[in-house]
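J.: Per the numbering used here, the very first residue in the sequence shown carries number 1; after that it's consecutive.
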Amino acid sequence: METLTTKHSPLKTILVTGCAGFIGSNFVPYFLEKYPNYRIVNLDLLTYAGNLDNLKEVEDILNNNSTLLALNADTPVSKEQEGCNTQHSTLQNDRYHFVKGNICNRELVEFIFNEYDVQAVIHFAAESHVDNSIKNPGVFVETNVNGTFTLLDVAYKYWMEKPFKYRERYMEGVFSDECFTPRAFPNRAVMSEKEQEQEQEKNNCPTEMPLGATLNTHHSKLDEITLPRFHHISTDEVYGTLSDDPDDLFTEETPYAPNSPYSASKASSDMIVRSYVETYGMDCVITNCSNNYGPKQHDEKLIPTIIRKALVGESIPIYGDGKNIRDWLYVLDHCKGIDLAYHTGKKGEVYNIGGRNERTNLQIVDRICEILDEKIPPQTNSKLLALNGDTPVSKEQEGCNTKHLTLKSYKDLVTFVDDRAGHDRRYAIDATKIENELGWKADEDFDSGIVKTVEWYLEKYLTKHHVSS
Numbered sequence: 001m002e003t004l005t006t007k008h009s010p011l012k013t014i015l016v017t018g019c020a021g022f023i024g025s026n027f028v029p030y031f032l033e034k035y036p037n038y039r040i041v042n043l044d045l046l047t048y049a050g051n052l053d054n055l056k057e058v059e060d061i062l063n064n065n066s067t068l069l070a071l072n073a074d075t076p077v078s079k080e081q082e083g084c085n086t087q088h089s090t091l092q093n094d095r096y097h098f099v100k101g102n103i104c105n106r107e108l109v110e111f112i113f114n115e116y117d118v119q120a121v122i123h124f125a126a127e128s129h130v131d132n133s134i135k136n137p138g139v140f141v142e143t144n145v146n147g148t149f150t151l152l153d154v155a156y157k158y159w160m161e162k163p164f165k166y167r168e169r170y171m172e173g174v175f176s177d178e179c180f181t182p183r184a185f186p187n188r189a190v191m192s193e194k195e196q197e198q199e200q201e202k203n204n205c206p207t208e209m210p211l212g213a214t215l216n217t218h219h220s221k222l223d224e225i226t227l228p229r230f231h232h233i234s235t236d237e238v239y240g241t242l243s244d245d246p247d248d249l250f251t252e253e254t255p256y257a258p259n260s261p262y263s264a265s266k267a268s269s270d271m272i273v274r275s276y277v278e279t280y281g282m283d284c285v286i287t288n289c290s291n292n293y294g295p296k297q298h299d300e301k302l303i304p305t306i307i308r309k310a311l312v313g314e315s316i317p318i319y320g321d322g323k324n325i326r327d328w329l330y331v332l333d334h335c336k337g338i339d340l341a342y343h344t345g346k347k348g349e350v351y352n353i354g355g356r357n358e359r360t361n362l363q364i365v366d367r368i369c370e371i372l373d374e375k376i377p378p379q380t381n382s383k384l385l386a387l388n389g390d391t392p393v394s395k396e397q398e399g400c401n402t403k404h405l406t407l408k409s410y411k412d413l414v415t416f417v418d419d420r421a422g423h424d425r426r427y428a429i430d431a432t433k434i435e436n437e438l439g440w441k442a443d444e445d446f447d448s449g450i451v452k453t454v455e456w457y458l459e460k461y462l463t464k465h466h467v468s469s
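#1: Which residues does DSSP pair with Asp44 in a beta bridge?
#2: Would you mind sorting Val417 into buried or exposed? The rule is 16 or more other CB atoms within 10 Å of its CB.
#3: Are Asn259 and Glu237 touching if we call contact CB-CB under 9 Å?
#4: Out of Ser269, Asp424 and Thr251, point me to the one whose CA is closest to Thr360's CA.
#5: Could you check if Thr17 is buried or exposed, using at least 16 other CB atoms within 10 Å of its CB as the buried criterion?
#6: Just to confirm, is the Cβ distance from Trp456 to Pro295 under 9 Å?
#7: If you check the beta carbons only, do Cys284 and Gly337 fall under 9 Å apart?
#8: Using 8 Å as the Cβ pair cut-off and three pairs as the minimum, do the region 36–55 and the region 95–115 touch?
#9: Please report the distance separating the alpha-carbon of Glu300 from that of Ile364.
#10: Let's test the definition: count the other Cβ atoms within 10 Å of the Cβ of Gln119 and tell me whether it reaches 16, buried, or not, exposed.
#11: Does the beta-carbon of Tyr48 have 16 or more other beta-carbons within 10 angstroms, so that it is buried, or is it exposed?
#12: Please report the residue range of the alpha helix (DSSP H) in which Glu57 lies.
#13: Decide if Ala341 is buried, meaning its Cβ has at least 16 other Cβ atoms within 10 Å, or exposed.
#14: At the level of alpha carbons, what is the spacing between Ile140 and Leu332?
#15: Can you tell me the Cβ-Cβ gap for Thr143 and Glu161, rounded? I've got them flagged as a contact below 8 Å.
#16: Please tell me whether Pro10 and Asn54 are closer than 9 Å, where the distance is taken between their beta carbons.
#17: Is the Cβ-Cβ distance between Asp270 and Ile325 less than 9 Å?
#18: State the Cα-Cα distance for the pair His232 and Asp153, rounded to the nearest angstrom.
#19: So the candidates are Glu374, Thr432 and Ala421; which of them puts its Cα closest to the Cα of Val451?
#20: From the DSSP output, in three-state form, read off Phe31 for me.
#21: Am I right that Thr150 and Val109 are in contact with their C-beta atoms under 8 Å? What's the rounded C-beta distance?
#22: By DSSP, does Phe180 sit in helix, in strand, or in coil?
#23: Near Ile316, which residues of its chain fall below 7 Å by C-beta distance, leaving aside the five closest residues on each side in sequence?
#24: So, are the CB atoms of Glu314 and Lys433 less than 9 Å apart?
#25: Since Arg356 and Asp321 should fall inside the 8 Å C-beta cutoff, what is the C-beta to C-beta distance between them, to a whole number of angstroms?
#26: Could you work out which residue in Ala257, Phe230 and Asn26 is closest to Glu155 when comparing CA atoms only?
#27: Tell me which residues share the same chain as Ala267 and place their Cβ nearer than 6 Å to its Cβ, disregarding the 5 neighbours each side in the sequence.
#28: Give the DSSP-derived three-state secondary structure of Asn352 in the structure shown.
#29: Whose C-alpha, out of Tyr330, Phe27, Tyr158 and Ile429, is nearest the C-alpha of Leu249?
#30: Grab me the residues of Phe27's own chain with a C-beta within less than 6 Å of its C-beta, minus the 5 sequence neighbours each way, in chain order.
#31: Please check the pair Thr235 and Cys289, which I expect to be a contact at CB under 8 Å, by giving their CB distance rounded to whole angstroms.
#32: Just to confirm my understanding: we take Tyr35, look at its own chain, exclude 5 residues before and 5 after, and list those with CB closer than 6 Å. What are they?
#33: Let me know the alpha helix (DSSP H) ranges lying completely inside the region 259–295, each 4 residues or longer, listed in chain order.
#34: Check the C-beta distance from Tyr293 over to Gly449 and give it rounded, since I have them as a contact under 8 Å.
#35: Select from Cys369, Gly138 and Pro378 the residue whose C-alpha is nearest the C-alpha of Pro304.
#36: In the DSSP assignment, what are the bridge partners of Tyr170?
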């Protein structure tokens with residue numbers, strides 16, 4: 001028997017892949033809190049870069065959701081909510097599901113679509129560390145290319161009868177506030193065909209829908225009722241590298257020129273998504289983002305590495321001359337951009353999301369060290385002071401015992417190492433399209449965002465966990 005936890009839930013089910021990673025684990029709490037009528041199914045393999053601890057706040061959000069809790073109180077409820085009072089706790093528990101598994105496992109993906117009646121996909125899951133792609137490119141091709149293909153193809157076969165024709169259940173009631181589909185609120189009695197025609201005539205609802213039309217363009221309250229959409233999260237690295245000219249920026253029209261196995265695998269996955277729009281008429285959007293920073297990023301990435309190494313007095317490695325430039329985007333601003341592109345972006349379009357915060361790697365490490373010098377000076381850092389005692393030290397810390405005593409700034413720990421193979425010199429995104437067409441704007445500038453980020457990692461490394469190199 002089907003239950004509220006499967007196809008008969010009034011919640012719209014969105015399959016979000018890779019939620020235990022950096023960006024996904026910031027996106028899920030934001031999305032669940034903002035959209036109480038959505039149910040998220042998180043498909044994540046939990047590789048080394050995934051951590052379910054990143055999603056602990058989800059439980060608090062579900063337990064405190066005012067929309068569903070109102071169903072147990074005297075708060076007036078909508079017509080669609082009538083009769084749901086006994087179901088609210090079930091719905092609340094039903095709003096988030098975790099499935100451990102591989103996006104390349106077609107049988108599993110098909111099961112998830114059928115079990116939860118997946119009506120949208122937001123695809124974060126990817127192998128993303130460039131250094132690892134150089135050492136083992138095959139894993140990146142398998143996950144980023146084949147995994148994306150598997151998700152797309154299963155979605156196509158589940159949502160569409162044939163190229164350019166969505167299944168009938170997605171084609172009803174997508175034009176006005178008065179038009180609805182029984183699929184959106186299955187607790188309603190299903191109208192007869194004649195009753196539906198009469199309702200359509202009364203409310204001036206068209207009987208046929210042009211391909212690609214969704215509620216996004218009609219601002220309906222029933223925003224659940226849209227054509228299923230596949231949102232592919234990608235990267236600015238697919239465009240290759242830029243010159244040092246500050247006016248030279250990546251736009252949505254920039255030709256692809258990936259230079260690493262990672263960026264090549266992402267470029268390939270982008271092209272597969274595009275092909276499903278052009279060949280099959282699927283409703284897909286792609287967003288390419290610049291370098292994200294913020295809470296929950298894996299320890300191997302640049303900013304966490306700088307903080308982690310500094311706190312224990314280890315050398316802070318910087319590739320080459322440290323003058324490679326990246327455009328930095330606060331992760332929550334990225335989540336808001338994804339939200340907008342998913343809900344209001346046009347079918348088949350690409351949107352670049354960038355922070356307009358260009359910094360060299362040297363500028364990044366200098367600023368972080370300045371913040372650390374202010375918040376936890378080397379002279380008072382208990383981790384460094386321990387190096388003078390009997391506390392065991394890591395291999396990297398050997399020989400540092402005399403150095404840390406004279407350490408005036410964490411900047412003194414910066415060490416230049418051999419440059420990465422194929423290291424792109426500069427990335428910078430022109431976000432004009434998403435700003436003008438969808439109304440997105442970054443709320444966080446780098447100066448404020450990096451302080452929040454450092455404070456989060458200090459909490460993680462100094463109070464919750466031991467720092468390890």
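Every residue gets a Cβ at the ideal spot worked out from N, C-alpha and C, and that includes glycine.
T.: Result, derived from the coordinates:
#1: Lys100
#2: exposed
#3: yes
#4: Asp424
#5: buried
#6: yes
#7: no
#8: yes
#9: 16 Å
#10: buried
#11: exposed
#12: Glu57 to Asn63
#13: buried
#14: It is worth fixing the name first, because residue 140 is Phe in this sequence and not Ile. Each residue's Cα considered, the two are about 26 Å apart.
#15: Between Glu161 and Thr143 the Cβ distance is about 30 Å, and since that is not below 8 Å, they are no contact.
#16: no
#17: no
#18: 13 Å
#19: Glu374
#20: helix
#21: 6 Å
#22: Unreliable placement is indicated for Phe180, whose pLDDT of 34 sits below 50; the coordinate value is still reported in the next sentence. Correct three-state label for Phe180: coil.
#23: Ile306, Lys309, Ala310, Val365, Leu413, Val414 and Thr415
#24: no
#25: The pair is not a contact, with the Cβ atoms about 24 Å apart (cut-off 8 Å).
#26: In the sequence on display, residue 155 carries Ala and not Glu. The candidate whose alpha carbon is nearest that of Ala155 is Phe230.
#27: Val238, Tyr256 and Pro258
#28: strand
#29: Ile429
#30: Cys335
#31: 6 Å
#32: none
#33: 261–280
#34: 7 Å
#35: Cys369
#36: Its beta-bridge partners do not exist; DSSP assigns none.
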